[in-house]
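A.B. asks: Below is the structure I would like to discuss, written out as structure tokens.
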Amino acid sequence: MDKTMVLSHLLLETRGTPTLLGGEPLARVIKSNKYVVQPSTEAQQADTEVDTLDRALHTALCAEVKAVLLTGPEGSGKTTILEKLMVDWARGDALQHFSYIFYFGRCELKALKGLVSLETLILQHWTNRSAPVSVDVLLQEPEKVLFVFDDLDQCELQLEPSAHSPCSNPALAMSMSCLVSSLLHGSVLKGSVSLVSARSAEGLRSESFNRLEVPGFLKAQRQAYVHRFFSDSTAGTTASAQMERTLGFHEFCSSPRFCWTVCSLYQTLMDAGVELPETLSQLCVHILVQLLKEVSTDQTHNRELVLVLGRLASHCLLHQHPRYTKEELCSAGFSPFLSQIHVFMPVDADLESCDFSFVSRPMQEFILALSVFLDKSPPGGVSKMLEEHRGSAGYLDLFLAGLSEPQQYRPLEALLGPLDPDPIMGFRRWFKSSSEKVLQGYDKDQQLHCFRLLHQAQSETLVRETVTASARTGIGLGDMDLHSCVALSYVVSCLGEMKLLKLYRTRDLTEEKARVLAPVMSLSRKILLTYSSLTTGAVRHLASALTTGVTSELDLSHTGLGDEKFKVLSDGLKNCALLKIRLPSCTLTEVACDHLVTILTSGSSQLCELELMFNQFGDQGFVKLCSALHSPHCKLQLLQLQANNLTAVSMESLSAALRSGHSRLRSVNLTQNRITDSGVRALCQSLRQRSCQLSSLNLFDNDLTHSCCHDLMEALTSANSSLLELDLSLNDLGQEGALLLCQALTHPGCALKKLVLKRCELTPVVFEELGSLLRGGSSRLCSLDVGINNVGDEAVKHLLAAVADPQCLLEELDLEMTGLTDDCLEHLCTAIQSSRTLKNLELRNNSLTDSSVPALVQVVEDSTSMMELNLKYNDFSEDVFPCLDSCAKVRY
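When you line the sequence shown up against our numbering, it's residues -4 to 887, in that order.
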């Protein structure tokens, strides 16, 4: 074609009429300003418009490559892009290095029968038009010729070069397969350029092409299209918001053709004052209402038509047979309805030469689902029918769920009559049994699919019957797609609350997903987002949900939140029901501490547990945080500060806060900070004060020596001390320091109930002193951990003898890796047998052998107080495993 012919053919002639499913012709798209430029594949992957697809296509056609392949799913806009390209060329706006463009669609190629030469092909193209161009002219400058083959993969041609003998003679008649293959691979009219569109590259040697993908509409293009469709801006805004909220998460929503269908339906419903559909099922119901109104108002006629279409849809899916000829349709029982075929399967040629297909996959499966409920129960029931279509149908059970509720189907009732109750009851039985099994299991994908079915049904009663209380705690729901987020939001809104929302390992919690999940979060008592990645927009929705919701516990561990996002979150933390927040490994610095101070002193914050481990805010940040502890508004009771790069400087500020009279802190964990002896000395000043309410202090791995133990002894023996738990593990206290602590434990004023001295370089002398004080009757210790101090059997026997003494109150004793052998067996058995209080005994990583097992198992089994004996990592053989298994209290 030359430019005049292209403009006449594409814009001036009336080429087809718009249909609800088939879209509208290019001329109307361009004239009504509805053409929206799609992003390139690179732009789609980066979610930013690096380049447009039109520009990328122009660039590709100007390159040295002589073949360009445009791939994309049906309805993604390939034909429109190609025709728009030709219009731009004809108008002089693009690709002016081409003198001729020859366009061949699927129907045009299939209409050419027998052997065809290149000359014949071009003459066919110029039939009934101005004088045809001579092939000799094209041969003089082949690089100025562009051949466009649209929908080529649907033409049933064999295009592999190996299947044909190369042909360079343009006058030689050959098969269409050979001719097109010769053009594509440069055998005939060498130097010309070919542009091919196809749904996939299968059957084409894609390595020979410069390949571009047609992604369809992203959200931005979809919104632009909707606003251009509606002349009224308010209607456009309403339609766009509704489409994104109820349909935007479906893949087919990227199809321009589908967007045309939805907009056309919305326009009709708005004009009639009808509410817009909330689900895909409701949308398809309204679409079918419009289609049937074009056909007939007779119920019998319409039922027969839908049943025939349903059989055809099933055959298409099961046999992967997407297209039908007129003869095939007639043999399938479609003869009485041929005059109405264009309503359901848009026709782009005359009935005799055209083939037919469902252009809308959702409508194809919806009609199949509807036909199931219009007829008597299918052989084998609904469950067998679903199983047969598994893998080939993606929406069938969703539509069955939607149509199983009477209010969903009601708009179609006047046109089709009532549904058959038997298959509906069959579906409900299948759904009830399958959902019970799924919701008690641990398959996240199956549970989310169950929620999607409930969302389509739109029945609060069904949700409450299906999702029982035991299922509401749920499994991990991280990494949900947007569709699942919408379904979950609907289900939880029907339930009214959720105890635990597990969103851990959500790798991309976007603003859009968080917006949909905000109602779920506001109704959740506890939210887990551990190891997740949240955008700033997502954090904003989370903050809003916390402000309006009932959440009492939030876990953001290992999210790498950062100061900027935490500032956004802090707006919601100032006034919410949150009692506990976990922020380990969130890359917070001293900047975040300013926001924490504001939150804790706001007066409206209920926060009483704060976990900040593994954030490097250091002394400067912590000193700021301590200022909040002086406020009467601060309700903080637990503070986790592991590995926060704190030193003795921070302890001065903490100590001042603890004795200020306003601090409510009960528990502080300072694990893996360089507190040193001077830092402990500062803390002990507050521990001796009545105003200090601290009951638990963890100083694990704080670079401490025996020098701090004198200060600890004085603090523990103070009449004002409220400390009940003390962990000094992984510090080099040695014998000197430990003996000072033993002195404190014998003091009647010492209230300590739990002491942890794991790997503190303890000696046998210390073990002997501990045994003595436990038997003395003055110690209140209930839990003692002296693990990873290799002192041997003789030293440990002092402790075991104490356990056997009725004066000893120990309930938990940890002797891990203390060098125990079978020589201590008698003492172990006596201690377990005699103690009236011992519940848990830890003997991991010692050198007990098979010979000790029978006696230990028997004495533990007979004990009325013992709950657990841990024997893991001792020198046992498999021979004693049955004996160990015989007692449920033993772990090994």
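Every residue, glycine too, gets a C-beta built ideally from N, C-alpha and C.
1. Leaving out five residues on either side along the sequence, give the residues of the same chain with a beta carbon under 7 Å from the beta carbon of L768.
2. Taking all protein chains shown into account, do 16 or more other C-beta atoms lie within 10 angstroms of the C-beta of L723, making it buried, or fewer, making it exposed?
3. Does the beta-carbon of T813 have 16 or more other beta-carbons within 10 angstroms, so that it is buried, or is it exposed?
4. Buried or exposed: where does S881 fall if 16 or more other Cβ atoms within 10 Å of its Cβ makes it buried?
5. For L80, which of D874, T554, L65 has the nearest alpha-carbon?
6. Going by the DSSP bridge assignment, what does M169 pair with across the sheet?
7. DSSP state of R502, grouped into three classes?
8. Can you tell which of Q441, D503, I25 has its C-alpha closest to the C-alpha of L483?
9. Can you name, in chain order, every residue of its own chain whose Cβ lies under 6 Å from the Cβ of L147, other than the five neighbours on each side?
10. Is K432 helix, strand or coil by DSSP?
11. Of the residues E460, P514, A509, which one's Cα is nearest the Cα of Y485?
12. Which value, in whole angstroms, describes the spacing of the CA atoms of H444 and S309?
13. Whole angstroms is fine: what's the gap from I117's alpha carbon to S187's?
14. Quick check: what's the CA-CA separation for D266 versus F224?
15. Return yes when the Cβ of L524 is within less than 8 Å of the Cβ of L551, no when it is not.
16. Rounded to whole angstroms, what is the Cα-Cα separation between M608 and G72?
17. Counting only runs of 3+ residues fully inside the region 452 to 527, write out the beta strand (DSSP E) ranges in chain order.
18. Out of S35, V143, Q730, state which residue places its alpha-carbon closest to the alpha-carbon of S702.
19. Taking three-plus beta-carbon pairs below 8 Å as touching, is the region 220 to 236 in contact with the region 171 to 190?
20. Taking 8 Å as the threshold, find out whether the region 48 to 64 comes into contact with the region 280 to 297 through three or more Cβ pairs.
21. Do you know whose CA, among G491, Y499, L477, lies nearest E506's CA?
22. Beta-carbon separation of V140 and C162 under 8 Å?
23. If you reduce the DSSP assignment to three classes, tell me which class Q635 lands in.
24. Using DSSP with H/G/I as helix, E/B as strand and the rest coil, what is S597?
25. Just to confirm the assignment, what range does the beta strand (DSSP E) spanning R577 have?
26. Is T844 near D817, with beta carbons less than 8 Å apart?
27. Please go through the same chain and pick out, in chain order, the residues whose beta-carbon is closer than 6 Å to the beta-carbon of N947, but skip the five residues on each side of it.
28. Among L302, H159, P341, which residue has its Cα nearest to the Cα of G70?
29. Take S597 and list the residues in its own chain whose beta-carbon comes closer than 6 Å to its own, dropping the five residues that flank it on each side.
30. CA-CA distance, C777 and T758?
31. Starting from V191 and walking both ways along the beta strand (DSSP E), at which residues does that stretch end?
32. Between L287, C745, Q667, which lies nearest to H337 when the distance is taken from Cα to Cα?
33. Could you give the distance in angstroms between the alpha-carbon of V269 and the alpha-carbon of L556?
34. Among E856, D870, L864, T320, which residue has its Cα nearest to the Cα of D809?
35. Counting along the chain, where does the alpha helix (DSSP H) carrying Y893 start and finish?
36. Straight-line CA distance for K619 to V644?
C.D. replies: Looking at the atomic coordinates:
1. For L768, same chain residues with a beta-carbon under 7 Å away, outside a window of 5 residues either side, are C737, L740, T741, S774 in chain order.
2. When all chains shown are included, L723 counts as buried.
3. Note on T813: 16 or more other CB atoms within 10 angstroms of its CB, so buried under the neighbour-count rule.
4. Looking at its Cβ environment, which holds fewer than 16 other Cβ atoms inside 10 Å, S881 is exposed.
5. Ranking D874, T554, L65 by CA distance to the CA of L80 puts L65 first.
6. DSSP output for M169 lists V111 as bridge partner(s).
7. In the structure shown, R502 sits in coil (DSSP, three-state: anything other than H, G, I, E or B).
8. It is Q441 whose Cα lies nearest to the Cα of L483.
9. V191, A193, listed in sequence order.
10. For K432, the secondary structure class from DSSP, reduced to helix, strand or coil, is helix.
11. Nearest of E460, P514, A509 to Y485, Cα basis: P514.
12. Whole-angstrom Cα-Cα distance: 22 Å.
13. Those two C-alpha atoms are separated by around 14 Å.
14. Each residue's alpha carbon lies about 14 Å from the other.
15. Against a cut-off of 8 Å, the Cβ pair of L524 and L551 comes out as a contact.
16. Straight-line Cα distance between these residues: approximately 52 Å.
17. Qualifying beta strand (DSSP E) stretches, in chain order: 493 to 497, 519 to 523.
18. It is Q730.
19. When C-beta atoms of the region 220 to 236 are compared with those of the region 171 to 190, fewer than three pairs fall below 8 Å, so the two segments do not count as touching.
20. Between the region 48 to 64 and the region 280 to 297, the count of C-beta pairs closer than 8 Å stays below three; the two stretches do not touch.
21. Comparing Cα-Cα distances from E506 to each of G491, Y499, L477, the minimum goes to L477.
22. No, Cβ-Cβ distance for V140 and C162 is not below 8 Å.
23. Q635: strand per DSSP, three-state reduction.
24. Coil.
25. R577 -> beta strand (DSSP E) spans 575 to 577.
26. Yes, the pair counts as a contact, with Cβ atoms nearer than the cut-off.
27. No statement about residue 947 is possible, as the shown extent of the chain runs from -4 to 887 and does not include it.
28. Minimum Cα-Cα distance from G70 among the listed residues L302, H159, P341 corresponds to P341.
29. These residues qualify, in order along the chain: K569.
30. Approximately 21 Å, taken between the alpha carbons.
31. Taken as a continuous stretch (DSSP letters only), the beta strand (DSSP E) holding V191 covers 188 to 193.
32. That would be L287, whose Cα lies nearest to the Cα of H337.
33. Going by the C-alpha atoms only, they are around 45 Å apart.
34. Ranking E856, D870, L864, T320 by Cα distance to D809 puts L864 first.
35. Nothing can be reported for residue 893: it is not among the residues displayed for the chain, which extend from -4 to 887.
36. Rounded to whole angstroms, K619 to V644 spans 12 Å at the Cα level.
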